[in-house]
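Peer 1: The listed protein sequences derive, respectively, from chains A and B.
Position 114, counted from 1, in the first sequence is what the working numbering calls 112; the numbers after and before it change by one each time, with no gaps.
Position 219, counted from 1, in the second sequence is what the working numbering calls 325; the numbers after and before it change by one each time, with no gaps.
For each residue, glycine too, the CB sits at the ideal point set by N, CA and C.
Pasting in a structure now, in structure tokens, and then I'll have a few things to ask.
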Amino acid sequence: MRRVLSILVENEPGVLSRVAGLFSGRGFNIESLNVAPTLEEGVSLMTVTTYGDEQIVEQIVKQLRKVVSVIKVVDFKDHSHVDREMMLMKVNAEETKREEILRIVDIFRCKVVDVSVNEFTIEATGTHDKLQAIVSLLMRFGIKEIARTGTVAMKRAMQFEQ
Amino acid sequence: MEMTGAAILMECLKREGVDVLFGYPGGAVLDLYHEMPNHPEIHHVLVRHEQGAAHAADGYARASGKVGVCIATSGPGATNTVTGLATAYADSIPMVLVTGQVHTHLIGNDAFQEVDIVGITRPCTKHNYLVKDLALLPRIVREAFHLARSGRPGPVLVDFPKDLMTQKIEFVWPQEIRMRNYNPTYRPNLNQLRRAADCILQAKRPIILAGGGVISANCSDILRAFINTYQIPVTSTLMGMGAISTKDELFLGMLGMHGTYAANKAISDTDLIVAIGARFDDRVTGRLDTFAKNAKIVHIDVDPTSIRKNVHVDVPVVGNCLPALQELNEVLTARLEANPMDIPSERKEWLDKLMLWKKTHPLCYNAKKEDLRPQQVLEAVAKIIPNDYIITTEVGQHQMWAAQFLEYKEPRTLITSGGLGTMGYGLPAAIGAQFAYPNKKVICVAGDGSIQMNSQELMTAVANKLPIKILILNNGYLGMVRQWQEFFYEKNYSHTDMLAQPDFVKLAEAYGAQGYRIKTEEDLATILPEALLSPHTAVIDVAVEREENVYPMVPAGAALGDMLLV
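Structure, rendered in structure tokens:
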């Protein structure tokens, strides 16, 4: 099962390798990883998507909490949350296909952020699944390049019993 | 007052209560060594290999319960300690290693004797630091010692660049340390203790599994009182040997691959395991899906990751074993006051069964006339030195025999590499243990294979006039590997014959130690007492039966009940 974890860490040299090394050293899976500073100086937030059964994810969370540079770990399974990825892709767009591509862009509320004679560069944000859907729809036009972020996630302000 | 980085480090070590450190000089730590004579209160022990320094610090820590400290230079000096760090990490031993590092401006440039030791040791230390700003050094040292000794103990590395050692700065000792990201649980959760108490009171056939956590939490006395009050039999892991006296009536012997018949059978039969400071290593559990099938498990451990890592746990109790046992006792006392119970009669049937197993299947071996049996040698040792000894071991058959056939009446008397299984550990660890207890008899039980892995430390022992005894059970084989080849690899003794070996008596003498050779039962009666009671460093080379095996043995991956017996 796919799981999203957010990990608040001390922003010090080597902290990324402490977290990434924990995953590789213990044979845990890492699907995507996103790191950026927070508003608090010296503190960064990592968002990791991983997969594994209940017992493995429990171990991952416990092992992460044990890393001295880690301040806090949140498993989003326990919370109602929003999660988003962002993606840029360069798609073949010859004259005859442009209309259709723009329609898809519109339907998914993406943006064309760069345009040339034969190509659109499209910016898309959304859940992992939504981006997968966009990719599969645009595939037939020919995707020349793709760059995706990992997932970022945030707890919803209002939590209801799940 | 302005002080150099080197002086600040020594001052910090002193304030952390360090009185002995094990080390080896080199380019990047020259400034530390230059400073050392100004600190006569800290005794530096010059080893002959950095691995020896790490193991000696580890042995010192295990014997004394204090943090062991060692020093190595950058590059190869640092990498030589890695096995020592991994050994200490696997067994949760508090240790601080200071390594020299090349000049700050050279880091990353592939400078002479530069390695990224912080990167290399990340997975085998509890935490590590590279000192980038001298002003942070006192805080780093304080944190390093705090991390090493608190929570689940472990080794911490501080990498210290050479240029900072000569830099001068105002020394400020941080009065307290606050780490917002590190707050190990000390006291257990009361609700979980109540559930644990219910399990204990309901159990018909309970057993306690004592691990190294009992020893590191210094709660053997509390455990002893606990088992006597509630009449619960105890087995232990290799790391837990000595937590309860091996002579205690309620002690069933070690559990696991080379555990006793009574302990392994009891685990298959029990309806409640109370594991205290043990982590259910594969050498302890055997095949997992048959392990303690009929039992509930209460697991007390300071490290949450140990819980539910390998086995299903019904009642997890996170906390230091000492307050956990104390408070569990309080809960139980209250329960029993409300609902009195005749514990001895409740337990009688179960204990009778276990005592019968103990009696019918003791640890044993076939004594023969022609060759000395290694077990028989150890029994002779126990007769000559009945009390107050510390045993260290290397790794292999002799290690298991030492665990089986010697007595451990107190905690911290068996010092052995359990988790990592490091050959070459025993001799340097014996040096560390002797520094912790100058007046105790320290014996390193070794094999002819593993003693050769760090035999250079004989020089350290002799140079420091340490009366350590190195008892080599010499079978001319890498015995444990040979045993596996015999059982599981069609007796194909591929590269385990070690008859090409030095003359250990002459080797001892070359180092200035005494050398003794024992071949017969008569030698055992005459030479062994003299050798063991000698006031000097002595190597005792005992020729033993070559193909003796360690029994009982649970083959790797088999169920604990499926033991091969003598």
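Give, in chain order, every residue of the segment 43 to 70 of chain A whose Cβ lies closer than 9 angstroms to some Cβ of chain B.
Peer 2: Taking 9 angstroms as the Cβ-Cβ cut-off against chain B, the residues of the segment 43 to 70 of chain A that qualify are 53, 56, 57, 60, 61, 63, 64, 65, 66, 67, 68, 69, 70.
Peer 1: Going by the DSSP bridge assignment, what does residue 178/B pair with across the sheet?
Peer 2: 205/B
Peer 1: Would DSSP call residue 607/B helix, strand or coil?
Peer 2: coil
Peer 1: Note down, one range per segment and in chain order, each alpha helix (DSSP H) of at least 4 residues found wholly within the segment 444 to 503 of chain B.
Peer 2: Complete alpha helix (DSSP H) runs here, min 4: 449 to 466, 480 to 490.
Peer 1: With distances taken Cα to Cα, identify the nearest neighbour of residue 44/A among 119/A, 68/A, 64/A, 61/A.
Peer 2: 68/A
Peer 1: When DSSP builds the beta bridges, which residues end up paired with residue 553/B?
Peer 2: 579/B
Peer 1: Using a Cβ-Cβ cutoff of less than 6 angstroms, which residues in the same chain neighbour residue 161/B once the five nearest sequence positions on both sides are dropped?
Peer 2: Excluding residues within five positions, the ones whose Cβ falls inside 6 angstroms are 190, 531, 534, 535.
Peer 1: Does the segment 130 to 150 of chain B come close enough to the segment 167 to 185 of chain B to have 3 or more Cβ pairs within less than 8 angstroms?
Peer 2: yes
Peer 1: From the DSSP output, in three-state form, read off residue 370/B for me.
Peer 2: Looking at residue 370/B - three-state DSSP - the assignment turns out to be helix.
Peer 1: With which residues is residue 30/A paired in a DSSP beta bridge?
Peer 2: 47/A
Peer 1: Of all the options 173/B, 357/B, 129/B, 245/B, which has the alpha carbon lying nearest to the alpha carbon of residue 261/B?
Peer 2: The residue with the shortest Cα to Cα distance from residue 261/B is 173/B.
Peer 1: Counting only Cβ pairs nearer than 7 angstroms, list the residues of chain A close to residue 531/B.
Peer 2: Here the premise fails: no neighbours, minimum Cβ distance about 23 angstroms.
Peer 1: Could you pull out every residue in the same chain whose Cβ sits closer than 7 angstroms to the Cβ of residue 285/B, ignoring the five residues on either side in sequence?
Peer 2: 249
Peer 1: Would you mind stating whether residue 294/B and residue 198/B have Cβ atoms separated by less than 7 angstroms?
Peer 2: no
Peer 1: On the DSSP bridge assignment, give the partners of residue 162/A in chain order.
Peer 2: Nothing about residue 162/A can be reported from this structure: the residues present for chain A run from -1 to 160 only.
Peer 1: Kindly indicate which residue of 252/B, 279/B, 225/B, 220/B has the alpha-carbon position closest to the one of residue 240/B.
Peer 2: The shortest C-alpha separation from residue 240/B is found at 279/B.
Peer 1: Within 10 angstroms of the Cβ of residue 439/B, are there 16 or more other Cβ atoms? Answer buried if so, exposed if not.
Peer 2: exposed
Peer 1: Using the beta-carbon of each residue, which ones in chain A are nearer than 7 angstroms to residue 411/B?
Peer 2: 57, 60, 61, 64
Peer 1: Would you tell me roughly how many angstroms separate the C-alpha atoms of residue 8/A and residue 33/A, rounded to the nearest one?
Peer 2: In this structure, the straight-line span from the alpha carbon of residue 8/A to that of residue 33/A is close to 12 angstroms.
Peer 1: With hydrogens ignored, establish whether the beta-carbon of residue 640/B is closer than 6 angstroms to any heavy atom of the ligand SAM.
Peer 2: Although the ligand SAM was asked about, the structure shown includes no ligands whatsoever.
Peer 1: Using DSSP bridges, identify the partner residues of residue 341/B.
Peer 2: 315/B
Peer 1: Does the beta-carbon distance from residue 393/B to residue 665/B come in below 7 angstroms?
Peer 2: yes
Peer 1: Of the residues 410/B, 315/B, 608/B, which one's Cα is nearest the Cα of residue 361/B?
Peer 2: It is 315/B whose Cα lies nearest to the Cα of residue 361/B.
Peer 1: For residue 224/B, return the contacting residues in chain A, with the cut-off set at a CB-CB distance below 7 angstroms.
Peer 2: 12
Peer 1: My assumption, with CB atoms under 8 angstroms, is that residue 483/B sits in contact with residue 639/B. Please give the rounded CB distance.
Peer 2: 16 angstroms between Cβ atoms; not a contact.
Peer 1: Would residue 211/B be called buried (16 or more neighbouring beta carbons within 10 Å of its own) or exposed?
Peer 2: exposed
Peer 1: Determine the extent of the alpha helix (DSSP H) in which residue 17/A is found, giving its start and end residues.
Peer 2: 13 to 23
Peer 1: Going straight from the alpha carbon of residue 132/A to that of residue 144/A, what length do you get?
Peer 2: 12 angstroms
Peer 1: Closer than 9 angstroms by beta-carbon distance: list the chain B residues that pair up with residue 161/A, in chain order.
Peer 2: Residue 161/A falls outside the range modelled here, since chain A spans only -1 to 160, and no answer is possible.
Peer 1: Using beta carbons (cut-off 7 angstroms, strictly below), is residue 290/B in contact with chain A?
Peer 2: So no, residue 290/B is outside the interface.
Peer 1: With 16 as the cutoff for other CB atoms within 10 Å, does residue 451/B come out buried or exposed?
Peer 2: Exposed: under 16 other Cβ atoms inside 10 Å.
Peer 1: Are there 16 or more other CB atoms within 10 angstroms of the CB of residue 52/A, so buried, or fewer, so exposed?
Peer 2: Burial is judged here by how many other beta carbons sit within 10 angstroms of a residue's own beta carbon; residue 52/A has fewer than 16 and is exposed.
Peer 1: Would you mind telling me which residues of chain A sit closer than 7 angstroms to residue 415/B, beta carbon to beta carbon, in chain order?
Peer 2: 57
Peer 1: Which parts of the segment 370 to 419 of chain B are runs of the beta strand (DSSP E), unbroken and 3 residues or longer, counting only runs that do not cross its ends?
Peer 2: 378 to 382, 402 to 407
Peer 1: Taking beta-carbon pairs under 7 angstroms, can you tell me which members of the segment 244 to 269 of chain B lie near chain A?
Peer 2: 253
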